[in-house]
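Okay, so here's the structure we're looking at.
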Amino acid sequence: MSTLATEGHQEMRPRSEITARELMRELGSVLRLSEAEAAKLGELPDDGDEDQTMVINMGPQHPSTHGVLRLMLELKGEAVLRCKPIIGYLHTGMEKTGEQLTFMQGGTNVTRMDYLSPLNNELVFSMATEKLLGIDGDIPERAVWMRMLLSELNRMSSHLLFMATNGMDLGAVSMMIYGWREREEVLRFFQKVTGLRMNHNFVRPGGLAADLPAGWRDDVLRLLDMLPERLEEYDILMTGQPIWRERLQGVGVITPTEALALGATGPILRSTGVEWDLRRDQPYLHYDDIDFDVVVGTYGDAFDRYAIRLNEIRESMKIVRQILDHMPEGDYRIQDKKVTPPPRARIDESMEALIHHFKIFTEGFRVPEGEVYVAIESPRGEIGCYIASDGSPTPYRMHMRAPSFVNIQCLPHMMRGGLVADAVAVISSVDPVLGEVDR
Amino acid sequence: MSDTPQDTATADSDDAADPTAVQDLHGCPLTDSRGQDVLHVSRDRWVEVVKLLADDGYAMCVDLTGVDYSRFMDRELPSGVAPERFEVVANLLDMSNRRRIRLRVQVPESDARLDSLFDVHPGTEAMERETYDMFGVSFDGHPDPSRILMPEDWDGHPLRKDYGAGAIPVQFKGAPT
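Residue numbers (my numbering), protein chains in the order written: chain Z, 2 to 440; chain C, 1418 to 1594.
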């Protein structure tokens, strides 16, 4: 192992000390050109003397950075010239932890990554594990539809929180209260179903932890009846307001080519007009049996990203209504003795069931050798889980492709030439969750 | 790796005993893992193959990460691909044909470096930094080869298998010392 601890500095350095390529990247420009090609174009953008500019740190404690994101901004007056996101302040080695936990315990770990859409994290982890086990086609129907129900409700709660934080960042402080209020309604349903508001560990390899509680349908219907009215309120409060439009339209623009090159997914990619939604384009669960629209934008600006999320809440409500019609009776988990613990009642009467229960919770189940990558559409974009197994009960390597981690690379690009005040709008419109950025 | 890509391709077509290597694509063995396409690329053709695939439609690199296989060296690989300690895994996406392909490249411990994909897919910038940070695999041609998650003066690469998981002892009030 090399004793060299680092090969470079994480912080933004003076222009004179860095290569042209690094400068271009920090300027967020000329993405697809090599250094030689860029040199042929002539001069890099002339931003004037370096003593005319100022480098300031925004974050990691700045409230609008949604956690502990730190941005180094090079400013000329109020205009942002360069931007470098510096992350890692919330790094807790969750991928390393994932290698210590069995496949059964893994859900408790991954659910804490994107803490605003925990059920999607659990879902992708469970789907990857099931694919390795070869049982991905045998999951009972009710479990599949329940997973869809929870996933869509989770998308709604996540986007509702985005409405709140986006409003707060831009000065619509009452919006913050409204957004949190509606999200709380969804979380109350989650609490009833899973026992917890967040970090549920409810979706597990093989199915779910429990069946839906009595009266769940009424709760969902109440939610669906309440929300449209509230979303109308959001429209009145924000969408049509001249101040709101002024602050978002034309801010943080990104083109489809740039978004694709940077690997951006989710609302950021869709805001540029690229119709790509894994629910429709690479359907998983039963999304191909459901009728819904993929919401896309036109200009790739912060307003489009806001409008997409607002309308995705409406699409999710449409999906949830259809799920209610489809929800079959049946088992909520696979009856495969390998992955499913015996029912509680059996433990009292059967010694074998007791041993089986004990073994599955202490040792876990063995997963055949192999490696898979499974991706689903989380509220923030493509969340993927890569698991390599060596045949033991713990993953040999568990990697999460976190959408926020990749999306954050768009920031320098979106901010170049904008104002510091717009920087807040841009960060907010990317909707990063630092828990999954740093993992 | 001793084999040239051409040798690898011929070895695969001759070797009927290897059930995993079903086809070859751009001179690299293409295997199937639970229904997913996996291409085993040699290190010297890494960027070239990714460029060829980009021309085939795989225009987006959604994920790039590493695996330290030092405790699992007898894993299943197509014949002609010699297992090394590190593997870099990239997932490419073809949106127009709605398909994915996964690339695996073997990186030896003695010379843990690989060409950067930055020129083909600028979005791999953060992912390559993360792979360097976590595994110590350097990427040649990366514009900013610094650590990304760990502090810049950190020693060691946490996701290597010889790096302990670690724990901080917790003190409880009134506990016997």
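Think of the CB as a built atom: it goes at the ideal place given N, C-alpha and C, for glycine as much as any other residue.
- In summary, Gln11/Z is buried, with 16 or more beta-carbon neighbours lying within 10 Å of its beta-carbon over all protein chains present.
- Here the alpha carbon of Ala165/Z sits roughly 12 Å from the alpha carbon of His67/Z.
- Taking 7 Å as the cut-off, the Cβ atoms of Val296/Z and Ile309/Z count as close.
- The beta carbon of Glu437/Z sits closer than 6 Å to those of Met114, Asp115, Ala403 and Ser405, all from its chain and outside the five residues before and after it, given in chain order.
- The Cβ-Cβ distance between Val187/Z and Ser158/Z falls below 7 Å.
- The shortest C-alpha to C-alpha distance from Pro396/Z to any of Pro1446/C, Tyr1486/C, Arg1515/C and Ala1476/C is the one to Tyr1486/C.
- In the same chain as Ile361/Z, and ignoring 5 residues on each side of it, the C-beta atoms closer than 6 Å to its own belong to Pro342, in chain order.
- At least 7 Å separates the beta-carbon of Pro1525/C from that of Pro1446/C.
- According to DSSP, Pro1593/C shares a beta bridge with no other residue.
- Listed along chain C are Gly1540 and Ala1543, each with a C-beta nearer than 7 Å to that of Val407/Z.
- Between Arg1515/C and Asp282/Z, the C-beta spacing is below 7 Å.
- In this structure, DSSP gives Gln1453/C an extended state, which the three-state scheme calls strand.
- Measuring C-alpha to C-alpha distances from Lys339/Z to each of Arg71/Z, Glu18/Z, Gln101/Z and Leu134/Z identifies Leu134/Z as the nearest.
- The alpha-carbon separation between Asp1536/C and Ala144/Z amounts to approximately 44 Å.
- Ile88, Gly89 and His92: these are the residues of the region 77–93 of chain Z whose beta carbon lies less than 7 Å from some beta carbon of chain C, given in chain order.
- The beta carbons of Asp289/Z and Gly298/Z sit no closer together than 7 Å.
- The region 59–130 of chain Z contains, as complete beta strand (DSSP E) runs of 3+ residues, the segments 71–77 and 80–87 (chain order).
- For Gln410/Z, the closest alpha carbon among the candidates Pro1593/C, Arg1460/C, Gly1581/C and Glu1545/C is that of Glu1545/C.
- For Val1484/C, at least one C-beta of chain Z is nearer than 7 Å to its own C-beta.
- The Cβ atoms of Ala1543/C and Gln101/Z lie no closer than 7 Å to each other.
- For Trp181/Z, there are no C-beta contacts with chain C under 7 Å, since the nearest C-beta of that chain is about 30 Å from it.
- Annotation for Leu355/Z: Ile348 place their beta carbon closer than 6 Å to its own, counting only its chain and skipping 5 residues before and after.
- In this structure Leu261/Z is in contact with Met1477/C, their Cβ atoms being roughly 6 Å apart against a cut-off of 8 Å.
- Around the CB of Thr363/Z, fewer than 16 other CB atoms lie within 10 Å, so the residue is classed as exposed.
- Excluding five sequence positions before and after Met105/Z, the CB atoms of its chain that fall closer than 6 Å to its own CB belong to Gly365, given in chain order.
- DSSP, reduced to helix, strand and coil, places Phe1556/C within a strand of the structure shown.
- Along the region 163–220 of chain Z, the alpha helix (DSSP H) occurs as fully enclosed runs of 4 or more residues at 174–195, listed in sequence order.
- Remark: fewer than three beta-carbon pairs, one from each stretch, lie closer than 8 Å, so the region 168–181 of chain Z and the region 324–338 of chain Z are not flagged as touching.
- According to the DSSP secondary-structure assignment, Tyr387/Z is paired through a beta bridge with Tyr374/Z and His400/Z.
- Neighbourhood of Asn1508/C in chain Z, by CB distance below 9 Å: Tyr374, Ala376, Gly385, Tyr387 and Arg402, in chain order.
- Contact residues of the region 272–286 of chain Z toward chain C are Trp277, Asp282 and Gln283 (C-beta to C-beta distance below 7 Å).
- Ranked by Cα distance from Leu70/Z, the options Tyr90/Z, Met55/Z, Leu82/Z and Ile57/Z are led by Tyr90/Z.
- Taking 9 Å as the cut-off between beta carbons, the residues of the region 1565–1580 of chain C near chain Z are Ile1565, Leu1566, Met1567, Pro1568, Glu1569, Asp1570, Trp1571, Asp1572, Gly1573, His1574, Pro1575, Leu1576, Arg1577, Lys1578, Asp1579 and Tyr1580, in sequence order.
- Residue Ile388/Z holds the alpha-carbon nearest to the alpha-carbon of Glu370/Z among Ala303/Z, Ile388/Z, Ile88/Z and Ala265/Z.
- Flagged as an interface residue toward chain C: Asp391/Z, by a C-beta distance shorter than 7 Å.
- In the structure shown, the three-state DSSP call for Ser1459/C is coil.
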